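Report on one structure; see the data block that follows.
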Amino acid sequence: MIAPNDATHGSGRTAGQVVMARLDELARFSAEPGVLTRLYLSTEHKTAALRVQAWMQEAGMDAEIDAAGNVVGRYEGQRPGLPAMLLGSHIDTVRNAGKYDGCFGVVAAIEAVAHLRQARERLPFAIEVIAFGEEEGARFPVALTTSRAVAGTLDAAALDALDTDGVSIREALQQFGCNPSGMASVARRRSDVLAYVELHIEQGPVLEAEDLPVGVVTAIAAAARFMGEVTGIAGHAGTVPMALRRDALAAAAEMILAVERVGRSTEHLVATVGRIEAIPGAVNVVPGGARFTLDVRGPSEAVRDAGVAHIERELKSIAGRRDVSVQLSHSYEEPAAICAPWLVDQLAAAVERNGIAPRRLPSGAGHDGLAMISLCPIGMLFVRCAGGISHNPAEAITSEDAEIAIRVLIDFLRHFASPGGSAD
Ligand code: GLV
Ligand code: MN
Ligand code: MN
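Under the working numbering, the letters of the sequence shown match residues 31 to 454, in that order.
Quick look at the structure:
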């Protein structure tokens, strides 16, 4: 156990308990009562960001909200201005989310810094904790917006992306209180950072099945997202005979089953339609249009791209047979991100020093590391989650596992060595 101390607010609570209480508190900042939905640049995102900023300050960090809406806290090393180890994760959520995806990595990193500060410990490098504003792609048809900004790879055109109400990222940033023209200033210089290390819930069942509280990530899967648009002919539900219909929604339904079939038939490929919309969407109208999202992932770009090509062929063939058209437009693409082997080894060593077998495993889920790898080496530590369930309000971890993960993180930081020799 990390000894209770002032960093745990004089309450005698363990670090794991503090983190769990904070995650419960963050979960209340939501667009809907009783359900957790916190989209990028929403008012609840702002409330959560301010709370996180206050926790960072309480932990001894200088903290600010940057031009992309990230909360960034800095804990100086043995002298001011040293290169920084970046820690963090995201505080946006999917719709009807669990409490732990993303937020755990942010709150746990703040707690690790609080303990170093309590121990009056300065490391041979600075630590920066980043609460990224947008990882999920749940509001705008782009993802990793804010980690791309930090990595310096955000395409300025991304700011024109619109949400379903027609609000652009640029407008939403202004409403949030950020200056979109300051976006370029968010990018970090390579020489100012050592690495990016993220704690995250596993979102899968492996650690639980093997009775392990934590595991070290080796790589993050390659992903691509599309918007599918099917166009048929709208008509009267009472008068157009079944044989003469060009029903876009019925065609899209068949396409969704084809997506599932391709995903099932290819080893390690996963393919998902997560949202569908009928146009015009009325009880007595044969749908003239349908729109759906498509998310395809694989352990490598080759597996992913072969899957996408297969899906495209199936969709075209269904559209031809039903006399409708289908268009897939690309909204997001990331290659697989390989965690730096030397960071994997150092995280595994910290796990082992804490008496736990150092299980290494890949991540099927996407993470901010997908963007951060363009800036610096990345590493990740997974924490076991109940039933492997995620993107679901039933997401759960234990305060004991949270405690172990924070202990491993602190231990990793204390032993961290750049591959070149010195930490800075
Ligand atoms: C983010 O959680 C993703 O993997 O889509
Ligand atoms: Mn996440
Ligand atoms: Mn997620």
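Cβ atoms here follow ideal geometry from the backbone N, Cα and C, with glycine treated the same way. Because the structure is a prediction, the values reported are computed rather than measured.
Distance, residue j Cα to residue i Cα
i    : j    : result
R305 : A267 : 24 Å
E425 : A273 : 46 Å
S60  : A114 : 32 Å
E238 : R81  : 31 Å
R444 : G234 : 29 Å
D353 : R291 : 22 Å
E430 : S211 : 44 Å
L405 : S361 : 22 Å
L66  : L373 : 33 Å
A253 : D241 : 29 Å
N35  : R52  : With a pLDDT of only 45 at N35, under the threshold of 50, the placement of this residue in the model should not be trusted, and no figure is reported.
N314 : D193 : 28 Å
Q148 : V260 : 58 Å
G182 : A78  : 25 Å
L56  : K129 : 8 Å
R327 : H120 : 20 Å
F322 : I286 : 9 Å
S448 : R58  : 39 Å
Q83  : V270 : 59 Å
A280 : D54  : 42 Å
G135 : Y226 : 12 Å
D454 : P171 : Model confidence at D454 stands at a pLDDT of 47, short of 50, so the residue's coordinates are unreliable; what they give is reported in the following sentence. Going from the Cα of D454 to the Cα of P171 covers about 38 Å.
G11  : H75  : What the structure shows of the chain is the stretch from 31 to 454, and residue 11 is not part of that stretch, so it cannot be assessed.
A89  : A187 : 36 Å
L439 : V289 : 39 Å
L229 : F442 : 12 Å
L411 : A138 : 11 Å
G394 : A168 : 18 Å
Sheet register partners of residue i (DSSP bridge)
i    : result
V82  : Its beta-bridge partners do not exist; DSSP assigns none.
A156 : A114
H340 : Bridge partners of H340: none, in fact.
M410 : E228
H120 : F162
T302 : D325
T77  : In the DSSP output, where bridge partners are listed per residue, T77 has none listed.
S429 : DSSP, once it has assigned bridges, lists no residue as partnering S429.
T261 : G319 and S355
S255 : Note on identity: in this sequence residue 255 is Arg, with Ser being the wrong assignment. Partner(s): D325 and Y362.
I309 : G319
A367 : I250
L192 : S198
L66  : A127
H266 : V315
Proximity test, residue i beta-carbon vs ligand 3 heavy atom, cut-off 7 Å
i    : result
V124 : yes
E331 : no
H75  : no
H421 : yes
D54  : no
E166 : yes
D222 : no
G418 : no
Beta strand (DSSP E) segment containing residue i, residue limits
i    : result
Q357 : S355 to E364
T323 : G319 to G328
G293 : G293 -> not in any beta strand (DSSP E); alpha helix (DSSP H) instead, spanning A278 to S295.
R218 : It is not in any beta strand (DSSP E) - R218 carries neither H nor E in the DSSP assignment.
T248 : V244 to I250
I95  : D92 to I95
Span of the alpha helix (DSSP H), counted from its first residue to its last, around residue i
i    : result
G107 : Element bounds for G107: n/a, residue is neither H nor E.
L399 : Per the sequence shown, the amino acid found at residue 399 is Gly instead of Leu. First-last of the alpha helix (DSSP H) with G399: G399 to M402.
P392 : Per DSSP, P392 belongs to no alpha helix (DSSP H); it is in the beta strand (DSSP E), R390 to S393.
E201 : I199 to F206
M238 : In the sequence as presented, Met is not what sits at residue 238; that position holds Glu. Run containing E238: V236 to A239, per the alpha helix (DSSP H) assignment.
F59  : It is not in any alpha helix (DSSP H) - F59 carries neither H nor E in the DSSP assignment.
R383 : P371 to R383
H145 : C133 to Q148
T176 : T175 to A181
* To do: Check each residue's C-beta against every heavy atom of ligand 1 and list, in chain order, those closer than 5 Å.
  => A395 and G396
key: Residue list, Cβ distance to ligand 2 heavy atoms smaller than 5 Å   = D131 and G132
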